[in-house]
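Taken in order, the sequence shown gives residues 1002 to 1324; the numbers are from the working numbering. C-beta atoms are modelled at their ideal positions from N, C-alpha and C, and glycine is treated no differently.
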Amino acid sequence: MSGLADALIGGDRRALARAITLVESTHDEDHESAVELIRRAMPVSGGALRVGVSGAPGAGKSTMIEALGVRLTDAGRRVGVLTVDPTSSLSGGSILGDKTRMEELSRRDEAFIRPSPSGGTLGGVARRTREAMLLVEAWGADVVMIETVGVGQSEVAVAGMVDHLMLLISPGGGDELQGIKRGLMELADLIVVNKADGELEAAAERARGEYAAAAHLMRPRHEGLPTPVLVASALERRGLDEVWEEIEQRHRALAADGRLARLRSAQASDWLWSEVRESLLAAVEGDPEASAIAKRTEAEVADGTAFPPKVAREIVNALLGRK
Ligand SMILES: Nc1nc2c(ncn2[C@@H]2O[C@H](COP(=O)(O)OP(=O)(O)O)[C@@H](O)[C@H]2O)c(=O)[nH]1
Ligand SMILES: [Mg+2]
């Protein structure tokens, strides 16, 4: 175990893959080594610029991440790519022209790509992604990019673990302004209209105008840093310098005045509370009496004959062994 931690921190990519597998393991006998591994990794993590990439399926998230990743590794930087996809256990991870494999990037020694752990709730998937991010940073990543599937809840989870969230829009892809939830736009630090190439180029410019107007009316996530709307083609790898420069510029601004540190500590305390919620839920499920009450009363709650707050209290009391 300590050999694995040393190899990981020494920058060994295979050790990183094994470390993540260990942390994702649901076997009880792995639990202690996983905790020990994370304990070793924590002090040397946190050094990466963390970017989330969200947007509807097919918007080009994987293509964009690969294109940015290739440029970054060309420039000598280490890149980790993770995904949060609570649906991956159902769909086998193959949604809409998926490029998750990122073949060109995956051949680079300076890149590490790991798809979402399969199975489990969003909370569980997000937790494991978060732990994987720490390990990727301990391995020495300069940049971590996390792809979400376009399902509202997973973007919230990713927004809670990255420094910057990029929202990708695909013009004419059916997710124009009206279709994108406003809430999603408000989570975004920057918006990129992708696929500005070929027949879609004009549509992309139009979409940029619409989004810029809408973004202008929103309260920016960080004061004094309005949400920019850029156009790019991940496929033809155009506009990417501007996208990356924007991210770095924001990063410098937030790091310079302490806002980045505050953002990360707020995220860490949110993480704590979501762990508490997850653990409590797991405890309820694992407690025979509490879970029996939950099962027995679920139907009554559903048809309106039982009052959820009262039942919830009974469940918690049963868990705590109180009457
Ligand atoms: N024309 C064009 N197609 C793109 C671009 N980026 C991605 N695509 C295509 O859109 C489809 C979905 O891309 P993918 O990266 O898997 O989208 P994701 O579901 O958001 O990860 C694939 O067929 C890509 O080749 C782009 O910039 N221009
Ligand atoms: Mg994808």
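Looking at ligand 1, does it come within less than 7 Å of T1064, judged from the CB to the closest heavy atom?
The answer is yes for T1064.
Kindly indicate which three-state DSSP category T1328 falls into: helix, strand or coil?
Here the chain has residues from 1002 to 1324 only, and residue 1328 is not among them.
Ordered along the chain, which non-local residues of its own chain (more than five positions away) have a Cβ less than 8 Å from that of G1077?
E1111
Excluding the 5 residues flanking P1289 on each side, which residues of the same chain have their C-beta closer than 7 Å to its C-beta?
none
contact_flag[the region 1185-1193, the region 1266-1274] where n(CB pairs < 8 Å) is 3 or more:
Touching, no, given that fewer than three Cβ pairs across the two stretches are closer than 8 Å.
Expected contact under 8 Å - CB spacing of L1236 and D1198 to nearest Å
About 6 Å; that satisfies the 8 Å criterion.
Quick check: is any heavy atom of ligand 4 less than 7 Å from the C-beta of N1195?
Only ligand 1 and ligand 2 can be found as ligands here, which leaves ligand 4 out of the picture.
Determine the extent of the alpha helix (DSSP H) in which T1298 is found, giving its start and end residues.
P1289 to A1303
Near L1123, which residues of its chain fall below 7 Å by C-beta distance, leaving aside the five closest residues on each side in sequence?
P1087, Q1154, S1155 and A1158
Whose C-alpha, out of L1261, V1230 and M1219, is nearest the C-alpha of G1210?
V1230
Distance check for S1003 and V1009, CA to CA, integer angstroms please.
For the sequence presented, residue 1009 should be read as Leu rather than Val. Roughly 10 Å separates the two Cα atoms.
Taking the beta carbon of W1274 as the centre, do at least 16 other beta carbons fall within 10 Å, making it buried, or is it exposed?
Classification of W1274: exposed, given that the 10 Å Cβ count is below 16.
Do R1129 and V1054 have their C-beta atoms closer together than 8 Å?
no
By a C-beta neighbour count over all protein chains shown, 10 Å radius and 16 as the cutoff for buried, is L1321 buried or exposed?
exposed
Consider the C-beta atom of E1148 and the heavy atoms of ligand 2; say whether any pair is separated by less than 7 Å.
Under cutoff, so the answer is yes.
Considering only their Cβ atoms, is the gap separating D1164 from L1241 smaller than 8 Å?
no
Using 7 Å as the cut-off, classify the Cβ of A1235 as near or not near the heavy atoms of ligand 1, replying yes or no.
yes
Straight-line gap, V1312 to S1280 (C-alpha atoms, nearest Å)
Distance between the alpha carbons of V1312 and S1280: 19 Å.
Measure the C-alpha to C-alpha separation of T1074 and V1080 and round it to an integer number of angstroms.
Distance from the CA atom of T1074 to the CA atom of V1080, rounded to whole angstroms, is 7 Å.
By DSSP, does E1148 sit in helix, in strand, or in coil?
strand
If you draw a straight line from the C-alpha of A1016 to the C-alpha of E1276, how long is it?
26 Å
Taking G1081 as part of the beta strand (DSSP E), name the residues at either end of that continuous run.
V1080 to V1085
Could you name each continuous beta strand (DSSP E) segment of 3 residues or more that falls completely within the region 1195-1235, going from the start of the chain to the end?
1230-1232
When you compare the region 1131-1144 with the region 1042-1051, are there three or more beta-carbon pairs, one atom per stretch, that lie closer than 8 Å?
At 8 Å Cβ cutoff, the stretches touch.
Tell me the DSSP secondary structure of R1015 in three-state form.
In the structure shown, R1015 adopts helical secondary structure according to DSSP, grouped into three states.
R1314 to A1293 span [Cα, whole Å]:
14 Å
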